[in-house]
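Protein chains in written order, with numbering that gives the first Met the number 0: chain R, 0 to 318; chain A, 0 to 264; chain S, 0 to 267.
Idealized CB from N, CA, C, for every residue including glycine.
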Amino acid sequence: MRATPTAIDRAFRADDVTKVYKGGLRANDGLTLRIEPGEVYGLLGPNGAGKSTLVKQVIGLLAPTSGSLAIGPYDLVAQPDVARQLCSYLPQAQMPIDAFRVTEAIEITGRIRGGQPAVVRRRTGELIEALGIEEWRAAMGMKLSGGVRRLVGFAMAVVVPGRLVILDEPTNDVDPLRRRLLWQQVRALSDEGCAVMLVTHNVLEAEKAVDRLAVVMDGRIVAEGTPSSLKAEDRGRLRLQVMLVPGTDTPASPAWVHSAVRVGNSLIAGLAEDDAAHAIAWAQGLIDAGTAEEYALGASTLEDAYIRLTGHVSDDDEV
Amino acid sequence: MTTAALAPAAAPPTTLRSGSSYWLTGYSAMLRWHLASLRMWLALMMMVQILVGVGYVLGFALFFDEIPPLAALWVSTGTPVLNLVLLGLLLGPQLVAGTKQQGGYDFVQALPVPRSAATAAWYTVTLLAGVPAMVVTLVTAELRYHPAFVVSPMIVPATLLVVFTGTMMGYAIAHAIRNPMTTQLITQVLVFVVMGFAPILFPAQQMPAWLAEVNEWLPLAHMAAVIRDALTDGLVTDVGRSYVVVAVWGVASGWLAVRALGRRL
Amino acid sequence: MSTTTEPAAAVAVPEGALLRRGARAWLHGLVDMMRFEWANIRPWAGLVFVVQIMMGVGMSIMYGFFYPEVDPTTAMLIATGVPTLALVPMGFVLVPGNVSNQRMAGTFDFIWSLPVPRSAQVTASFLVNAALAMPGTVAALLVGAWRYDVDLHLSGVLLPAVLLSTVMCVSVGYGMALVVPNPLVINLITNAIVFLVLLFTPIVYPAANLPGWYMRIHEGLPFYPMAQVIRAGLTEGVVTDVGGHFLVLGVWTVLGVALTTWVVGRRH
Chain R
0 MRATPTAIDR
10 AFRADDVTKV
20 YKGGLRANDG
30 LTLRIEPGEV
40 YGLLGPNGAG
50 KSTLVKQVIG
60 LLAPTSGSLA
70 IGPYDLVAQP
80 DVARQLCSYL
90 PQAQMPIDAF
100 RVTEAIEITG
110 RIRGGQPAVV
120 RRRTGELIEA
130 LGIEEWRAAM
140 GMKLSGGVRR
150 LVGFAMAVVV
160 PGRLVILDEP
170 TNDVDPLRRR
180 LLWQQVRALS
190 DEGCAVMLVT
200 HNVLEAEKAV
210 DRLAVVMDGR
220 IVAEGTPSSL
230 KAEDRGRLRL
240 QVMLVPGTDT
250 PASPAWVHSA
260 VRVGNSLIAG
270 LAEDDAAHAI
280 AWAQGLIDAG
290 TAEEYALGAS
300 TLEDAYIRLT
310 GHVSDDDEV
Chain A
0 MTTAALAPAA
10 APPTTLRSGS
20 SYWLTGYSAM
30 LRWHLASLRM
40 WLALMMMVQI
50 LVGVGYVLGF
60 ALFFDEIPPL
70 AALWVSTGTP
80 VLNLVLLGLL
90 LGPQLVAGTK
100 QQGGYDFVQA
110 LPVPRSAATA
120 AWYTVTLLAG
130 VPAMVVTLVT
140 AELRYHPAFV
150 VSPMIVPATL
160 LVVFTGTMMG
170 YAIAHAIRNP
180 MTTQLITQVL
190 VFVVMGFAPI
200 LFPAQQMPAW
210 LAEVNEWLPL
220 AHMAAVIRDA
230 LTDGLVTDVG
240 RSYVVVAVWG
250 VASGWLAVRA
260 LGRRL
Chain S
0 MSTTTEPAAA
10 VAVPEGALLR
20 RGARAWLHGL
30 VDMMRFEWAN
40 IRPWAGLVFV
50 VQIMMGVGMS
60 IMYGFFYPEV
70 DPTTAMLIAT
80 GVPTLALVPM
90 GFVLVPGNVS
100 NQRMAGTFDF
110 IWSLPVPRSA
120 QVTASFLVNA
130 ALAMPGTVAA
140 LLVGAWRYDV
150 DLHLSGVLLP
160 AVLLSTVMCV
170 SVGYGMALVV
180 PNPLVINLIT
190 NAIVFLVLLF
200 TPIVYPAANL
210 PGWYMRIHEG
220 LPFYPMAQVI
230 RAGLTEGVVT
240 DVGGHFLVLG
250 VWTVLGVALT
260 TWVVGRRH
């Protein structure tokens, strides 16, 4: 993250943003956060936490019930047309590019965002190459797989990036190799001074890609900080994952287990480093008894902090 | 694969765009966007236009043993209205409903284009979709019936106005109605109304008086009147009032549409 | 993997998960699927109902406007032709529309993964759609007869005529919608068909108005025969060669059902 003299002027700020829908649903409740230019900021949370709702208010598709949203001196709520200029947006849903060729979709969007034709064309070519989708550069949208479509959508959002680039689940359906390429581009954007707001429910990716993140639950921010600061509470903790035999009941956790969550047939337990030997012995015992198939012991990840904070598991297969 | 070295173009904008060049860029880019979007079924659209235009002109005669000249003239001057409003009023809302269902709607709404430029671009597209079809319809009518056409220069403002109002009404339906299923049902009903419950293809005298009266306040009959007036001589009375009604409906729908687009719930 | 030597205990098979076959199973499947279709449609059913009735009644009334004057023959033709006009949009617009919507919502993937025979699934869909269309058709007929002051003579032919026509329309519409994946394309095609049929088919006007060669075509397409058999069920002595018309209608019905069966079968 570059600190520039004008960094404070250009930051994105959400102040006490509350969104209450008709019927009383509080989708956002007093959200306050700040993203500096050049920072990649993650919004992490389970489905329905209110992340996409916040995003839509930033981009001017929804208006907050109360609170303010600003980038630099510009009030985004009062001037939604300015919001659209300052922000570029990759929505969670599929992009409407069935009839567009890949290069065309990216170029037209670049033009709409005010880029000069020659520059846009060059950057489109660079992005297509950098994301590893040259093979499809002339293909029609409707022929593309979900993942490639997503990458094209990403390119459309960043060909002429806004001061704030909003990415809502950018790596959905994208294969692991190209995900890495996408994250490289995100880092490149932040190096150029764009602020990036990343909405995701994928904890492991978030951990590697963001500078700071907020965990959102039921419309509120329940924790905020860098990935390591969020894991601080888990420092000195280990994570034991026991793969249970399908159909067996969850074994009772011994006293030295701090927390245990069952996800499908995996039992994920937190424990202190000092109890590592106990953990191994216990897990081995479960295997010998035929209750478990295997186990893995490792450092605790952001996933564990996430579980601790939200009570949910971040994977798509929530139990 | 290397990390692409970002050209300076990747740096975020430092100034806001505004003014006529911003408007024009938005307009021309949205025009390109719509034309590319519709590309795949432009051919199908043309086919439907011809079916509707030529179809009604020729098909109407089948209802009669020998079609009376007045009926022939009426259907020849009424069918062009269908051509002009087909995309804007009848198909447009269906398209938007489709994007709402499939998920592309938010992205387009979040683009930095002034709402008026986006609307103007869409109007241009509906004009392009309607005018050629209208010409084909009129030529067909001429060949089949040799009706008493007397074409005046008023055909230009009449066409521009009819397409404007049809498009604005469709726009309002598309954006003001949240639920895509409702939109689809409404457009189906509209197709029906346009075909048989507005005196477009036949004179109002053939309808029950109360229905003719209702149509005095709705725009469809008047759309037919302004087009008919520009194509004939002495057939239409009080065309001034018709122009006013069509214009008012256009402006009111446009206002409703812009409000709906700007509405952020 | 477990290294125990005990044979893995079979995971208990849920009750009733054994393969079911036979007529009872098929009927069960049919009823279950009908419940499912009905549940899917229920939020819209009211609106669709109303629209169907409006369209049916609307068509009855509308055709009268096309003429400066409606004479008794025309009146009879309109009144007895309108049920056909109500059924055609049902099969060729409503059903394909439904099918497209379901396809877009992903409903079909779900339906076709259920352990219910395909034929039962499709039949259920047909029945629910046809049921939704009936009120509109009946309303059209009644309003037409009333408005144009036409005396109807119901005959035994009416029921088979309506049944066969409904199956034909729904099966062809369904098959068409499954074959064409793009919902917008299907929309255009179906609207075009309806335009054409409602205008160019001698349903509400006499066949004599058409040039001879064109009339031949209509004797082969299903719409004119359909109109005639229904008309035969509503009048006396007006329609000739009812048998021939039933034959053509029957052939189209078989084609429609075959198309649907083939498309539904080939996907999986």
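Residues that residue i contacts on chain A, provided the C-beta gap is smaller than 7 Å
i, result
"arginine 12 (chain R)", "By Cβ distance, chain A contributes nothing, its closest Cβ being about 16 Å from arginine 12 (chain R), past 7 Å."
"tyrosine 204 (chain S)", "Leu61, Phe62"
"isoleucine 58 (chain R)", "Ala109"
Status (buried if at least 16 other CB within 10 Å, exposed otherwise) for residue i
i, result
"arginine 9 (chain R)", "buried"
"threonine 2 (chain A)", "Summary for threonine 2 (chain A): the model assigns pLDDT 41, below 50, so the residue's position carries little reliability, and this model does not support an answer."
"lysine 18 (chain R)", "buried"
"tryptophan 145 (chain S)", "exposed"
"glutamate 235 (chain S)", "exposed"
"histidine 200 (chain R)", "buried"
"leucine 181 (chain R)", "buried"
"asparagine 27 (chain R)", "buried"
"histidine 145 (chain A)", "exposed"
"serine 36 (chain A)", "buried"
Residue i: first and last residue of the uninterrupted beta strand (DSSP E) it sits in
i, result
"serine 112 (chain S)", "That residue, serine 112 (chain S), is in no beta strand (DSSP E); it is neither H nor E in DSSP."
"alanine 90 (chain A)", "The identity of residue 90 (chain A) in the sequence shown is leucine, whereas the question assumes alanine. Premise fails: leucine 90 (chain A) is in no beta strand (DSSP E) and is neither H nor E."
"leucine 29 (chain S)", "Per DSSP, leucine 29 (chain S) belongs to no beta strand (DSSP E); it is in the alpha helix (DSSP H), 22 to 64."
"valine 69 (chain S)", "Segment: none, valine 69 (chain S) is in no beta strand (DSSP E) and carries neither H nor E."
"histidine 257 (chain R)", "256 to 262"
"isoleucine 165 (chain R)", "163 to 167"
Nearest-angstrom Cα separation, counted from residue j out to residue i
i, j, result
"arginine 120 (chain R)", "isoleucine 188 (chain S)", "38 Å"
"proline 201 (chain S)", "asparagine 171 (chain R)", "54 Å"
"leucine 130 (chain R)", "valine 159 (chain R)", "16 Å"
"leucine 151 (chain S)", "proline 82 (chain S)", "13 Å"
"alanine 207 (chain S)", "aspartate 64 (chain A)", "8 Å"
"leucine 142 (chain A)", "valine 135 (chain A)", "11 Å"
"glycine 59 (chain R)", "valine 221 (chain R)", "25 Å"
"tyrosine 267 (chain A)", "tryptophan 22 (chain A)", "As shown, chain A starts at 0 and ends at 264. That puts residue 267 (chain A) outside it, with no answer to give."
"histidine 267 (chain S)", "valine 81 (chain R)", "Its pLDDT being 47, under 50, histidine 267 (chain S) is placed unreliably by the model, and the measurement read from it follows with that caveat. So the two alpha carbons sit approximately 50 Å from each other."
"serine 291 (chain S)", "tryptophan 73 (chain A)", "The requested residue 291 (chain S) is not part of the displayed model; chain S covers only 0 to 267."
"methionine 167 (chain A)", "isoleucine 110 (chain S)", "40 Å"
"serine 124 (chain S)", "proline 175 (chain R)", "41 Å"
"arginine 1 (chain R)", "valine 202 (chain R)", "With a pLDDT of 49 at arginine 1 (chain R), under the threshold of 50, the predicted position of this residue should be treated as unreliable, and no value is reported."
"leucine 209 (chain S)", "threonine 76 (chain A)", "23 Å"
"leucine 86 (chain A)", "glutamine 93 (chain A)", "10 Å"
"valine 244 (chain A)", "valine 238 (chain A)", "10 Å"
"leucine 68 (chain R)", "valine 157 (chain R)", "22 Å"
"asparagine 82 (chain A)", "leucine 230 (chain A)", "15 Å"
Contacts of residue i in chain A (Cβ-Cβ under 8 Å)
i, result
"valine 81 (chain R)", "Leu15"
"leucine 198 (chain S)", "Gly54, Tyr55, Gly58, Phe59, Leu61"
"glutamine 84 (chain R)", "Pro12, Leu15, Arg16, Pro111"
Alpha helix (DSSP H) segment containing residue i, residue limits
i, result
"glycine 106 (chain A)", "It is worth fixing the name first, because residue 106 (chain A) is phenylalanine in this sequence and not glycine. Per DSSP, phenylalanine 106 (chain A) belongs to the alpha helix (DSSP H) from 104 to 108."
"tyrosine 204 (chain S)", "Looking at the DSSP string, tyrosine 204 (chain S) is not in any alpha helix (DSSP H), and its letter there is neither H nor E."
"serine 228 (chain R)", "226 to 230"
Closer than 9 Å at the beta carbon, the chain A residues around residue i
i, result
"glycine 57 (chain S)", "Val188, Phe191, Val192, Gly195, Phe196"
"alanine 92 (chain R)", "Gln101, Gly102, Gly103, Tyr104, Asp105, Phe106"
"tyrosine 88 (chain R)", "Asp105, Phe106, Ala109, Leu110"
Partners in chain R for residue i, counting only beta-carbon separations shorter than 8 Å
i, result
"glycine 25 (chain A)", "Ile111"
Amino acids of chain R, ordered along the chain, whose beta-carbon sits closer than 9 Å to that of residue i
i, result
"serine 36 (chain A)", "Pro95, Ile96, Asp97, Ala98, Phe99"
"alanine 256 (chain A)", "What alanine 256 (chain A) touches in chain R: nothing, since even the nearest Cβ is about 16 Å away."
"methionine 39 (chain A)", "Asp97, Ala98, Met139, Met141"
Per-residue contacts from residue i into chain R (C-beta, under 7 Å)
i, result
"alanine 28 (chain A)", "Ile107, Arg110, Ile111"
Per-residue contacts from residue i into chain S (C-beta, under 7 Å)
i, result
"leucine 51 (chain A)", "Note on identity: in this sequence residue 51 (chain A) is valine, with leucine being the wrong assignment. Ordered by position in chain S, the residues that pass the 7 Å Cβ test against valine 51 (chain A) are Phe194."
"leucine 184 (chain A)", "Leu46, Val50"
"leucine 43 (chain A)", "Val184, Leu187"
Check: residue i C-beta below 6 Å from any heavy atom of the ligand COA
i, result
"glycine 91 (chain A)", "Of ligands this structure carries none, so the ligand COA is not represented either."
- Message: If we require 3 or more residues per run, which beta strand (DSSP E) segments fall completely within the region 107 to 160 of chain S?
- Response: None, since the region 107 to 160 of chain S contains no complete beta strand (DSSP E) of that length.
- Item | Complete runs of the alpha helix (DSSP H) confined to the region 13 to 74 of chain R [at least 4 residues] | 50 to 57
- Message: Just to confirm the assignment: which complete alpha helix (DSSP H) runs, minimum length 4, are found wholly within the region 205 to 239 of chain S?
- Response: 211 to 219, 222 to 233
- Query: What are the complete alpha helix (DSSP H) segments, minimum 4 residues, inside the region 22 to 86 of chain A?
  - Reply: 41 to 58, 68 to 84
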